[in-house]
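Position 19 (the sequence shown) corresponds to 20 in the numbering used here; numbering is contiguous. Read the structure below first, then the notes.
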Amino acid sequence: MAISASLKSLLHALRSRAIKRRQFAQLRECDPRMLKDMGLRWERGTLVAINPEREPSEGITRDAHESCPHCGSRLT
């Protein structure tokens, strides 16, 4: 029983990670005008909100230096 719950949570985590990576890759391909329409911009390799005071505390940010944008492996 515990093994099936662990496997289920692992599969859920892997699935959500794949979805997030795919969405981030799609945003990388957008030009600055399209990102501006969405309220986003690139700043030093990080995707940030144009008006951060309007965003919740969990705004869309990602440090480009923490992981590889292609494979997702952690960079040192």
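Note that the Cβ used here is the ideal one computed from N, Cα and C, for glycine as well. Everything numeric in this text was worked out from a predicted model, so none of it was measured.
Can you name the start and end residues of the beta strand (DSSP E) that residue i belongs to?
| i | result |
| --- | --- |
| residue 48 | 47-50 |
Are the Cβ atoms of residue i and residue j separated by less than 9 Å?
| i | j | result |
| --- | --- | --- |
| residue 18 | residue 73 | yes |
| residue 20 | residue 37 | no |
Can you say whether residue i is buried or exposed, counting buried as having 16 or more other CB atoms within 10 angstroms of its CB?
| i | result |
| --- | --- |
| residue 41 | buried |
| residue 48 | buried |
For a minimum of 4 consecutive residues, which ranges assigned as the alpha helix (DSSP H) are wholly contained in the region 3-44?
3-29 and 33-39
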